[in-house]
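Numbering (the working numbering), first residue to last: 187 to 470. Virtual Cβ for every residue (Gly too), placed ideally from N, Cα, C. Note that this is a predicted model, so its numbers are computed, not measured.
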Ligand SMILES: [Zn+2]
């Protein structure tokens with residue numbers, strides 16, 4: 187089926203009280219892994235590309251691969267821009283056929299974040315593309331974006347209510363204690379804050395930096411109302427770990443297919459596991 191918007195997937199997730207997995211793509215093998223996992227689990231999924239992924243693979247390749255995967259699939263799939271930091275980046279993705287964009291104005295003062303988000307929404311609405319914004323600062327490193335631990339701060343529920351009221355954004359990423367990249371210890375999520383935000387905000391809530399968060403904590407966040415969960419680091423670990431294994435076992439291997447096929451399989455397995463944790467298995 188054709189690519190669908192994230193808004194549509196999250197509305198169904200709200201009805202069913204589960205979360206949709208948003209998995210980062212960089213190359214053909216990961217797109218194929220997401221498709222295989224989604225089909226096997228009969229789950230709706232979001233493929234998302236960061237600005238770094240777009241720089242690496244080229245937007246034409248990212249779009250073509252994701253669009254092909256969706257057209258072959260029997261389950262709904264969306265293509266989303268992860269952490270777009272400029273209006274221009276969002277416009278480029280909308281032009282190429284992404285069905286959702288994130289405008290990350292979380293570094294800006296509140297009113298500027300609102301203004302930038304509204305500027306993107308104005309164009310996105312006319313084209314049926316959904317928009318995710320971010321409020322609060324999620325620590326860690328996501329491709330070319332780095333937020334120091336000391337600069338990370340949690341989302342204020344009252345600000346979140348105000349932000350969504352002023353923008354009508356389709357999804358809101360919040361900071362409640364997760365971080366991008368690998369964790370040093372076990373992350374502690376601020377559930378009372380999440381509960382407050384969900385109670386005050388009309389938009390579906392997105393959890394970033396969810397790799398390495400214990401399954402039970404993710405499930406508690408979903409029970410409290412998180413509807414989109416982003417996974418990147420877990421896929422990187424599985425994918426690269428499998429490549430490393432092949433080369434450790436046979437340092438002379440020169441066939442890329444012998445290295446990448448097990449990596450694709452490892453990515454498929456971790457994505458299937460996450461889909462089951464998110465409760466989206468069988469929801470397509
Ligand atoms: Zn993120």
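Between the C-alpha atoms of residue i and residue j, what's the straight-line distance to the nearest angstrom?
{"i": "residue 408", "j": "residue 205", "result": "6 angstroms"}
{"i": "residue 307", "j": "residue 352", "result": "11 angstroms"}
{"i": "residue 280", "j": "residue 379", "result": "33 angstroms"}
{"i": "residue 200", "j": "residue 404", "result": "16 angstroms"}
{"i": "residue 187", "j": "residue 284", "result": "15 angstroms"}
{"i": "residue 374", "j": "residue 400", "result": "10 angstroms"}
{"i": "residue 275", "j": "residue 236", "result": "10 angstroms"}
{"i": "residue 366", "j": "residue 435", "result": "31 angstroms"}
{"i": "residue 390", "j": "residue 345", "result": "15 angstroms"}
{"i": "residue 220", "j": "residue 451", "result": "10 angstroms"}
{"i": "residue 288", "j": "residue 433", "result": "37 angstroms"}
{"i": "residue 476", "j": "residue 329", "result": "Because the chain here runs from 187 to 470, residue 476 falls outside it and cannot be looked at."}
{"i": "residue 300", "j": "residue 388", "result": "16 angstroms"}
{"i": "residue 203", "j": "residue 370", "result": "31 angstroms"}
For residue i, is the classification buried or exposed, using 16 other Cβ atoms within 10 angstroms of its Cβ as the cut-off for buried?
{"i": "residue 332", "result": "exposed"}
{"i": "residue 185", "result": "As shown, the chain starts at 187 and ends at 470. That puts residue 185 outside it, with no answer to give."}
{"i": "residue 314", "result": "exposed"}
{"i": "residue 227", "result": "buried"}
{"i": "residue 267", "result": "buried"}
{"i": "residue 358", "result": "buried"}
{"i": "residue 256", "result": "buried"}
{"i": "residue 263", "result": "buried"}
{"i": "residue 302", "result": "buried"}
{"i": "residue 438", "result": "exposed"}
{"i": "residue 458", "result": "buried"}
{"i": "residue 311", "result": "exposed"}
{"i": "residue 426", "result": "exposed"}
{"i": "residue 192", "result": "buried"}
{"i": "residue 478", "result": "With the chain running from 187 to 470 in the structure shown, residue 478 is simply not present."}
So the candidates are the options; which of them puts its Cα closest to the Cα of residue i?
{"i": "residue 347", "options": "278, 285, 322 and 310", "result": "322"}
{"i": "residue 428", "options": "447, 437 and 438", "result": "447"}
{"i": "residue 317", "options": "194, 253 and 462", "result": "194"}
{"i": "residue 456", "options": "436, 295, 263 and 421", "result": "421"}
{"i": "residue 213", "options": "371, 400, 200 and 252", "result": "252"}
{"i": "residue 265", "options": "394, 311, 207 and 297", "result": "207"}
{"i": "residue 449", "options": "464, 431, 286 and 191", "result": "431"}
{"i": "residue 453", "options": "376, 463, 423 and 434", "result": "423"}
{"i": "residue 294", "options": "349, 326, 396 and 372", "result": "349"}
{"i": "residue 196", "options": "356, 273, 282 and 296", "result": "356"}
{"i": "residue 326", "options": "406, 377, 395 and 389", "result": "395"}
{"i": "residue 368", "options": "392, 397 and 343", "result": "397"}
Could you tell me whether the Cβ of residue i comes closer than 8 angstroms to any Cβ of chain D?
{"i": "residue 416", "result": "Included in the structure is just one protein chain, with no chain D present."}
For residue i, which residues of its own chain have a beta-carbon under 7 angstroms away from its beta-carbon, when the five flanking residues on both sides are left out?
{"i": "residue 290", "result": "269, 270, 271 and 320"}
{"i": "residue 361", "result": "322, 323, 324, 338, 339, 340 and 341"}
{"i": "residue 277", "result": "309"}
{"i": "residue 242", "result": "212"}
{"i": "residue 217", "result": "211, 233, 251, 252 and 255"}
{"i": "residue 248", "result": "211, 235, 239 and 240"}
{"i": "residue 470", "result": "228, 229, 230, 261 and 262"}
{"i": "residue 376", "result": "340, 362 and 363"}
Less than 6 angstroms between C-beta atoms, sequence neighbours within five positions excluded: which residues of the same chain meet that for residue i?
{"i": "residue 210", "result": "234 and 418"}
Keeping to the same chain, check which residues put their C-beta closer than 8 angstroms to that of residue i; ignore five residues upstream and five downstream.
{"i": "residue 461", "result": "207, 223, 224, 227, 229, 231 and 467"}
Say whether the stretch 441–449 touches the stretch 223–237, bearing in mind that this needs 3 or more beta-carbon pairs closer than 8 angstroms, one atom from each stretch. no
State whether the stretch 412–426 contacts the stretch 380–398, with contact taken as three or more CB pairs (one from each stretch) at a distance under 8 angstroms. Using a Cβ-Cβ distance cut-off of 8 angstroms, the stretch 412–426 and the stretch 380–398 are in contact, since at least three pairs of beta carbons, one from each stretch, lie closer than that value.
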